[in-house]
């Protein structure tokens, strides 16, 4: 590889890490070198493109412009500041940094301008929140948001300190408010695990500030970045996990009025949680860092977005 930033991928042997490496390759990211990192027991393992896994150490983390992390909160808490102190911009997939006031929480199609204020660490949102926000952002811009209801079934992650909401549900609420810049937005969420191979599916109930018809909503979302509208239920056409799997876009359909509440729409949203929900957005943020010239020592050729 010639030119471009030198990239570390931390957690490279996990599902998201391997997908990040794949997407960097698919999108032709202009890196001069990509170095995979993982645990000591994975050091020396050979990955695609003849990349050899290294263990994290002080000596090995010098000289990177970008570090893409998907190794869990404890690793991110320890090693993200170390990479940042050496001049790398860290894009972290864990929940460790998401709600820190000085850390941008970014969905590439929703709030790329938040990257301008980074201090060396950028957080990638929770995958459940992320795919919903790709849909909610154009609606918020066009007619405003008053209230959002997610609803599927019982429990994802844990209940803490007597809270009736799970930690996953609290992440969706807090992260959605931060990314949209709407700290008082009313949101209620119920999250569930469903035994499918990949993809997250969400039923959204969205109350808007101003009137928005289902037809106008379909037209609005059809023109929004990163979205595909699949909405012909009479013909059996609506978003399915089997069709969204392996795709980078978020799919939305079953857009219809909530007849129990004014200015409210129901919709069904599906996205690949390994790709757009994690790895793709991470790489898109890296592309934005290059295109917006937000790296401290590297001005690579612009990336096609």
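In this note's numbering, the protein residues as written are 9 to 313.
Note that the Cβ used here is the ideal one computed from N, Cα and C, for glycine as well.
Values in this document were obtained by computation on a predicted structure and should not be read as measured data.
- For residue 211, the enclosing beta strand (DSSP E) begins and ends at 208-216.
- Remark: three or more beta-carbon pairs, one from each stretch, lie closer than 8 Å, so the region 121-139 and the region 277-293 are flagged as touching.
- Here residue 275 carries a strand assignment [DSSP, helix/strand/coil].
- Separation of residue 211 and residue 91 (C-alpha to C-alpha, rounded to the nearest whole angstrom) is 39 Å.
- Taking 7 Å as the cut-off, the Cβ atoms of residue 174 and residue 183 do not count as close.
- At a Cβ-Cβ threshold of 7 Å, residue 15 and residue 74 count as neighbours.
- According to the DSSP assignment, residue 293 belongs to the alpha helix (DSSP H) that extends over 288-299.
- For secondary structure counted as the alpha helix (DSSP H) over 4 or more consecutive residues, the region 147-210 holds these complete runs in sequence order: 175-188.
- In chain order, 117 place their CB closer than 7 Å to the CB of residue 233, counting only its own chain and leaving out the 5 sequence neighbours on each side.
- Residue 25 sits in a helix when the DSSP states are folded into three classes.
- Within the same chain, Cβ atoms closer than 8 Å to the Cβ of residue 134 are found at 103, 106, 176, 179, 180 and 183, the five residues on either side in sequence being excluded.
- Within the region 103-135, no run of alpha helix (DSSP H) at least 4 residues long lies entirely inside it.
- Secondary structure in the region 30-107: the beta strand (DSSP E) runs of 3 residues or longer, each lying completely within the stretch, are 41-46, 74-77 and 97-100 in chain order.
- Cβ-Cβ distances below 7 Å link residue 290 to 28, 76, 99, 101 and 132 in the same chain, with the five nearest sequence neighbours on each side left out; the list follows chain order.
- Note on geometry: alpha-carbon atoms of residue 171 and residue 275 lie some 28 Å from one another.
- Of all C-beta pairs linking the region 238-250 to the region 294-305, fewer than three are shorter than 8 Å, placing the two stretches out of contact.
- Taking residue 217 as reference, the option from 237, 152 and 263 with the minimal CA-CA separation is 152.
- For residue 228, the uninterrupted alpha helix (DSSP H) run begins and ends at 222-230, by DSSP.
- Between residue 113 and residue 195 the beta-carbon gap is near 15 Å, outside 8 Å, which marks them as no contact.
- Excluding the 5 residues flanking it on each side, residue 190 has same chain C-beta neighbours closer than 7 Å at 153, in chain order.
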